[in-house]
Amino acid sequence: MSQITLTLPDGSKRQYSSGITPKAVAIDISTSLGKKAISSTVNGSHWDLQWPIDSDSNIAINTVKDEQPALELVRHDLAHIMARAVQEIWPDVKVTIGPVIENGWYYDFDRRDPFTPEDLGIIEKKMKDIINLCDPVRTEVWDRSAAIAYYEKNNEPYKIELIEAIPGDEPLRMYWHGDWQDLCRGPHLQNTGQVPGDSWKLMSVAGAYWRGDSKRSMLQRIYGVAFKNKEDLRSHLNFLEEAAKRDHRKLGRAMNLFHLEEVAPGSVFWHPSGWCLFQNLISYMRRRQETAGYVEVNTPDIMDRALWETSGHWFNYMENMFLAQTHDDRDYALKPMNCPGHMMIYNENIRSYRDLPMKISEFGKVHRYEPSGALHGLLRVRSFTQDDAHIYCTPEQLTDECLKVNELILSIYKDFGFEDVHIKLSTRPENRIGSDESWDLSEAALKTALDRAGMSYTIFDGEGAFYGPKLEYVLRDAIKRDWQCGTLQVDYNLPERFGSTFVSASGEKLAPIMLHRALFGSLERFIGILIEEHAGKLPFWLAPRQVVVAAIVSDANEYCVEVVAALKAAGIRAEADLRNEKINYKVREHSVGKVPVILACGIREVEEKTVSVRRLGEKQTKVSPITDVVNALSKEAMPPDLV
RNA sequence: GCCGCAGUAGCUCAGUGGUAGAGCACACCCUUGGUAAGGGUGAGGCCGGGAGUUCGAUCCUCCCCUGCGGCACCA
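Counted from 1, the first sequence has number 329 at position 266 by my numbering; the numbering is strictly sequential.
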């Protein structure tokens with residue numbers, strides 16, 4: 064047998080016979096390492112301890128202290144342990160796949176009866192028994208036909224399908240714990256006892272399509288989370304609780320911003336406070352766009368079928384459109400996008416190259432018949448307002464215009480405190496229209512703009528819209544969740560479908576290129592994100608109710624009204640709370656309602672012309688002269704673009 | 001759209017095969033209280049909609065609607 068050289072992380076080299084396993088290497092280094100070892104890293108790949116090494120390699124032995132590989136293994140082994148537990152409890156359940164995901168794992172099962180929440184407890188208990196068995200994990204490489212025969216015998220059709228999808232030259236690995244086995248590419252721990260007993264938890268059951276395909280059978284998925292220790296698990300569960308407290312649907316009710324109801328699924332009833340916030344955002348965006356050279360328009364909500372046929376929506380997106388039934392013989396539809404309307408405005412005049420770039424914006428309300436299961440508070444609705452705009456430009460202007468949109472969008476996100484933004488670039492899909500040349504140009508325009516701006520981005524090959532590539536702007540919020548908001552798309556197609564032209568300097572009629580862009584994306588969605596980002600504690604300039612002036616005793620009522628008047632005169636949204644309630648009660652109520660500033664006034668304040676200032680979330684109060692407070696707050700009320 | 005769970009007062013939720021209950025919110029009264037719920041009284045419900053089983057359904061069965069958690073989808 065030939066000799067191979069293995070290089071350890073410290074640079075030392077050791078000679079072994081070809082075919083040595085990392086396990087044997089670990090034992091050779093020290094007996095204790097052999098016991099503690101959980102896996103190895105061979106030439107940068109995560110390896111099982113049992114896989115033979117047959118050439119010179121770099122090798123590192125991993126223990127539970129190596130967090131990344133350890134967590135991956137623990138999660139992966141838990142997936143197997145869970146599948147084994149499920150099959151031991153319900154032998155007729157068929158297994159499918161069980162990958163590691165962020166924070167944990169899931170496993171998809173095919174079972175006639177649904178798993179109940181109580182079942183999760185039963186499964187957890189069984190899993191703990193399996194962990195306590197400390198069953199050694201062993202792996203075998205199987206021949207394809209043997210594996211298929213084995214699964215045919217055991218009536219595991221999903222596994223057979225998986226094997227058939229694995230390329231012929233890849234080894235088929237079978238992993239065993241005790242008498243239970245699973246087809247798996249590994250790696251795995253040495254024995255089930257290496258899984259910590261108390262740092263994981265089964266979370267939920269949900270339906271999931273086999274192979275993610277909605278045409279195939281619905282399986283039952285059990286999700287679990289696992290961490291390196293109990294503290295990490297606890298902090299993850301805390302995180303979930305914190306995230307739940309930020310839920311914009313709950314806060315939207317507490318802050319009396321909006322509600323949703325059965326008569327209009329997926330459409331928002333904006334209350335006065337919510338609509339105030341909505342309008343604040345629009346005012347802000349209007350100023351920013353005006354400065355950036357946009358002109359605002361408004362186009363019809365309901366337009367004739369002919370328009371949607373020209374745009375391509377009628378045949379491609381009919382299922383997602385709201386149609387309007389009328390008493391004449393015409394077919395109408397509610398607009399799902401603003402672009403066709405903007406095409407009509409562009410085409411209404413003969414355009415010169417001197418008019419370009421032409422930037423048409425609209426706070427247009429669009430309706431899309433989203434699948435019922437997709438609806439989610441403000442984040443996924445059926446009617447929403449886009450801060451939409453279309454930029455018509457010449458090919459020469461294209462890159463520059465992309466760059467400008469990118470700058471504008473980042474500057475706007477910054478004003479809202481979102482500085483951690485990443486970009487997805489989706490390139491030409493298989494199913495597309497337009498020439499390869501135009502795709503080359505539009506993809507290059509987006510890339511060049513990003514490169515010039517020094518932005519990093521992730522490319523999603525083949526994920527672009529059928530008419531052009533797109534950028535998507537993803538914000539990371541205060542608790543590290545990602546939200547997709549803005550978009551920038553290059554489109555050679557719509558101008559062509561609508562026969563749009565401009566007259567060039569040499570008098571030729573040429574087709575303009577069109578950019579689709581939205582910065583907030585959907586106002587509804589952006590408000591949902593803002594609420595969750597700030598846990599309801601909106602920045603002062605955005606808060607719909609900025610100040611409540613609360614009387615401590617009724618003798619201060621008159622003074623409170625004066626204070627409110629002074630605040631209003633300074634442009635601050637203020638109201639008086641003169642109700643016959645204790646100050647404790649008022650403070651609590653307005654804190655729950657996320658009012659940023661409470662000014663409490665009693666006899667002392669009346670006499671001294673002061674107010675007692677209490678900021679949301681702070682226990683301390685500060686008594687200041689009324690004029691100082693008005694001045695300070697009116698400064699704070701200034702939108703960031705006007706500061 | 002698919003799988004599962006749920007729908008009872010404005011909100012959060014309890015409950016039973018014999019047509020309903022709590023807390024908060026609301027109204028009125030007492031209370032003028034110094035920074036996250038003072039006390040009392042009262043009003044408030046087609047128990048999501050429809051059909052069936054039953055002497056009788058909020059409760060059991062079926063269909064539909066809506067919501068929630070996922071999956072799929074997101075031009």
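Just so it is clear, CB atoms sit at the ideal spot from N, CA and C, and this is done for glycine as well.
For the beta strand (DSSP E) that contains residue i, what are its first and last residues?
| i | result |
| --- | --- |
| Arg678 | Thr673 to Arg678 |
| Lys533 | Lys533 to Arg539 |
| Lys600 | Looking at the DSSP string, Lys600 is not in any beta strand (DSSP E), and its letter there is neither H nor E. |
| Tyr648 | Careful: Tyr648 lies outside any beta strand (DSSP E), inside the alpha helix (DSSP H) at Ile646 to Val655. |
| Gly97 | Where Gly97 is concerned, there is no enclosing beta strand (DSSP E), although the alpha helix (DSSP H) it sits in stretches over Thr94 to Lys99. |
| Glu638 | Ala637 to Asp640 |
| Ile124 | Ser120 to Asn125 |
| Met366 | Ile365 to Asp367 |
Which residue comes first and which comes last in the alpha helix (DSSP H) that contains residue i?
| i | result |
| --- | --- |
| Phe378 | His376 to Asn379 |
| Trp338 | Pro335 to Thr354 |
| Gln283 | Gln283 -> not in any alpha helix (DSSP H); beta strand (DSSP E) instead, spanning Met281 to Ala289. |
| Glu151 | Glu130 to Ile152 |
| Asp691 | Ile689 to Glu699 |
| Leu461 | Leu461 to Asp478 |
| Ser208 | Arg207 to Lys216 |
Can you tell me which of the options puts its alpha carbon nearest to the alpha carbon of residue i?
| i | options | result |
| --- | --- | --- |
| Thr104 | Val326, Val163 and Pro115 | Pro115 |
| Val552 | Lys157, Ser489 and Val611 | One point to set straight first is that residue 552 is Gln, not Val, in the sequence displayed. That would be Ser489, whose Cα lies nearest to the Cα of Gln552. |
| Phe178 | Asp242, Gly270 and Val137 | Gly270 |
| Ala306 | Ala700, Ala598 and Pro703 | Ala598 |
| Arg560 | Gln547, Tyr476 and Tyr530 | Tyr530 |
| Asp310 | Cys623, Leu593, Pro602 and Gln683 | Leu593 |
| Trp239 | Lys313, Leu323, Ile144 and Gly404 | Ile144 |
| Arg174 | Pro154, Glu181 and Gly161 | Pro154 |
| Asp129 | Gln113, Leu96, Val326 and Val156 | Leu96 |
| Cys623 | Gly356, Ile229 and Thr673 | Thr673 |
| Ile542 | Gly375, Ser374 and Lys308 | Lys308 |
| Asn694 | Ala632, Ser654, Gly356 and Ser108 | Ala632 |
| Cys339 | Met318, Pro328 and Asp242 | Met318 |
| Asn106 | Thr68, Asp176 and Met237 | Thr68 |
Just to confirm, is the Cβ distance from residue i to residue j under 7 angstroms?
| i | j | result |
| --- | --- | --- |
| Phe479 | Glu587 | no |
| Ser330 | Arg443 | no |
| Thr126 | Lys98 | no |
| Phe385 | Leu397 | yes |
| Leu235 | Trp263 | no |
| Ala581 | Thr550 | yes |
| Leu461 | Ile576 | yes |
| Phe589 | Glu699 | no |
| Asp111 | Gly249 | yes |
| Leu441 | Gly591 | yes |
| Ser102 | Pro132 | yes |
| Asp171 | Leu246 | no |
| Thr70 | Asn121 | yes |
| Ile486 | Leu538 | no |
| Tyr347 | Pro688 | no |
| Ala614 | Cys664 | yes |
| Glu493 | Pro532 | no |
| Ile124 | Ala87 | no |
Please confirm if the region 332-344 is in contact with the region 451-463, defined as three or more CB-CB distances below 8 angstroms between the two stretches. Short answer: they don't touch.
Margin query: Measuring CB atoms only, is the region 644-659 touching the region 677-688, in the sense that at least three cross pairs come out at less than 8 angstroms?
Written below: Short answer: they touch.
Next on the checklist: Under 8 angstroms, with one C-beta from each stretch per pair, do the region 185-193 and the region 149-161 reach the 3-pair mark?
Outcome noted: Yes, the region 185-193 touches the region 149-161.
Going along the chain, which unbroken runs of the alpha helix (DSSP H) with 4 or more residues stay wholly within the region 162-203? Within the region 162-203, the complete alpha helix (DSSP H) segments at least 4 residues long are 180-196, listed from N- to C-terminus.
Check whether the region 420-437 touches the region 397-406, counting contact only when three or more Cβ pairs, one atom from each stretch, lie closer than 8 angstroms.
Three or more Cβ pairs drawn from the region 420-437 and the region 397-406 lie within less than 8 angstroms of each other, which places the two stretches in contact.
message: Pairs of beta-carbons, one from the region 608-615 and one from the region 632-640, closer than 8 angstroms: are there three or more?
response: Enough Cβ pairs lie closer than 8 angstroms, so yes.
Contact between the region 206-220 and the region 289-306 is defined here as three or more beta-carbon pairs at a separation below 8 angstroms; is this criterion met?
Counting Cβ pairs under 8 angstroms, fewer than three are found: no touch.
task: Enumerate, from N- to C-terminal direction, the unbroken beta strand (DSSP E) stretches of 3 or more residues contained entirely within the region 487-523.
output: DSSP assignment within the region 487-523 yields the following whole beta strand (DSSP E) runs of 3 residues or more, N-terminal first: 520-523.
>> If we require 3 or more residues per run, which beta strand (DSSP E) segments fall completely within the region 402-446?
In response: Inside the region 402-446, DSSP marks whole beta strand (DSSP E) runs of 3 or more residues at positions 421-430, from first to last along the chain.
Report yes or no: do the region 563-580 and the region 409-426 share at least 3 C-beta pairs separated by less than 8 angstroms? Contact between the region 563-580 and the region 409-426 is present, with at least three C-beta pairs closer than 8 angstroms.
Does the region 190-201 come close enough to the region 156-176 that 3 or more CB-CB pairs lie under 8 angstroms? By the Cβ test, the region 156-176 is not in contact with the region 190-201, since fewer than three Cβ pairs between them sit closer than 8 angstroms.
| Complete alpha helix (DSSP H) runs within the region 538-621 (minimum length 4 residues, chain order) | Runs of the alpha helix (DSSP H) inside the region 538-621: 556-560 and 586-597.
- Query: How do the region 682-700 and the region 638-652 stand: do at least 3 beta-carbon pairs fall below 8 angstroms, yes or no?
  - Reply: No: the two stretches stay apart, fewer than three of their Cβ pairs being nearer than 8 angstroms.
Would you call the region 133-140 and the region 247-261 in contact, with 3 or more CB pairs under 8 angstroms?
The answer is yes - the region 247-261 touches the region 133-140, with three or more Cβ pairs under 8 angstroms.
Could you pull out every unbroken alpha helix (DSSP H) segment of at least 4 residues lying fully inside the region 295-340, listed in chain order? Secondary structure in the region 295-340: the alpha helix (DSSP H) runs of 4 residues or longer, each lying completely within the stretch, are 311-317 in chain order.
Taking only runs of the alpha helix (DSSP H) that begin and end inside the region 220-253, which ones reach a length of at least 4 residues, in chain order? Qualifying alpha helix (DSSP H) stretches, in chain order: 220-228.
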